[in-house]
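Residue numbers (our numbering): 462 to 680. Heads up, the beta-carbon is just placed ideally off N, CA and C, and yes, glycines get one too.
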């Protein structure tokens with residue numbers, strides 16, 4: 462699943478765990494404003510203000526609030542082109558560590574990887590789809606996450622995940638890296654942060670399997 466060839470071993474573990482690995486944020490978003498602001502940014506932002514990683518087709522990231530290890534994140538010029546994001550940050554009671562636009566080109570796959578971001582850890586990532594083809598999907602373990610534009614969501618990204626965009630259109634999301642607090646967790650389904658110890662143990666086992674898979678040249 463996610464590869465067209467059945468479940469990987471780590472997907473079997475997440476399936477058997479019964480844990481919920483993603484869920485929606487209970488907060489309304491002005492998706493029309495986000496899309497209009499992104500259109501302006503995409504038209505006006507110079508190429509040197511966009512990042513491109515992994516040899517992909519076109520740019521892959523634009524920092525809006527660039528994180529700093531030794532202090533508060535720094536507002537970047539691109540943030541001025543997206544007042545809807547500034548308004549969201551002003552009304553949301555979150556400590557934001559970084560904020561980025563992320564782009565996945567047509568037909569691209571971001572292969573299995575894992576991050577230390579989840580509601581039961583110190584840091585969580587909230588994703589807000591801006592332009593997302595219906596066929597685009599994020600596999601978190603065996604679970605498929607595919608949310609429409611404007612529906613913010615979070616996942617247990619300590620679990621191996623793969624992001625696929627088989628469509629001929631680009632996929633663009635807003636990523637907010639924030640402190641994971643009980644108040645934030647209450648905005649999501651309770652099951653998404655339940656059983657933290659078991660989640661940590663599951664993530665360790667799954668990540669070990671991914672590392673073995675890579676070492677074996679099966680990637």
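Can you list, in chain order, the residues of its chain with a C-beta nearer than 6 Å to that of residue i? Leave out the 5 residues immediately preceding and following it.
i           : result
residue 511 : 520 and 523
residue 652 : 481
residue 576 : 618
residue 528 : 534, 558 and 559
residue 590 : 608, 610 and 634
residue 670 : 470 and 471
residue 570 : 625
residue 678 : none
Can you tell me which residues form a DSSP beta bridge with residue i?
i           : result
residue 563 : 522 and 634
residue 569 : 626
residue 604 : 601
residue 584 : 640
residue 492 : Paired residues: none, contrary to the question.
residue 646 : Per DSSP, none; premise fails for residue 646.
residue 557 : 639
residue 589 : 635
residue 529 : 532
residue 512 : 522
Around the C-beta of residue i, are 16 or more other C-beta atoms found within 10 angstroms, so that it is buried, or is it exposed?
i           : result
residue 487 : exposed
residue 481 : buried
residue 513 : exposed
residue 562 : buried
residue 638 : buried
residue 525 : buried
residue 635 : buried
residue 666 : exposed
residue 564 : buried
residue 660 : buried
residue 508 : exposed
Taking the continuous alpha helix (DSSP H) assigned at residue i, which residues delimit it?
i           : result
residue 470 : 470-478
residue 533 : Where residue 533 is concerned, there is no enclosing alpha helix (DSSP H), although the beta strand (DSSP E) it sits in stretches over 532-536.
residue 615 : Residue 615 -> not in any alpha helix (DSSP H); beta strand (DSSP E) instead, spanning 614-616.
residue 542 : Taken as a continuous stretch (DSSP letters only), residue 542 belongs to no alpha helix (DSSP H), as it is neither H nor E.
residue 658 : 657-676
Ordered along the chain, which non-local residues of its own chain (more than five positions away) have a Cβ less than 7 Å from that of residue i?
i           : result
residue 627 : 568 and 596
residue 614 : 483, 484, 485, 486, 588, 606 and 608
residue 545 : 491, 494, 495 and 498
residue 547 : 540
residue 552 : none
Starting from residue i and walking both ways along the beta strand (DSSP E), at which residues does that stretch end?
i           : result
residue 485 : 483-485
Which residues in the same chain have their Cβ closer than 8 Å to the Cβ of residue i, if we skip the five residues on either side of it in sequence?
i           : result
residue 648 : 486, 487 and 488
residue 465 : At residue 465 the pLDDT is 48, less than 50, meaning the model places this residue with poor confidence; the figure from the coordinates comes in the next sentence. For residue 465, where only same-chain residues beyond five positions count, there are no Cβ hits under 8 Å.
residue 663 : 474, 475, 478, 480 and 620
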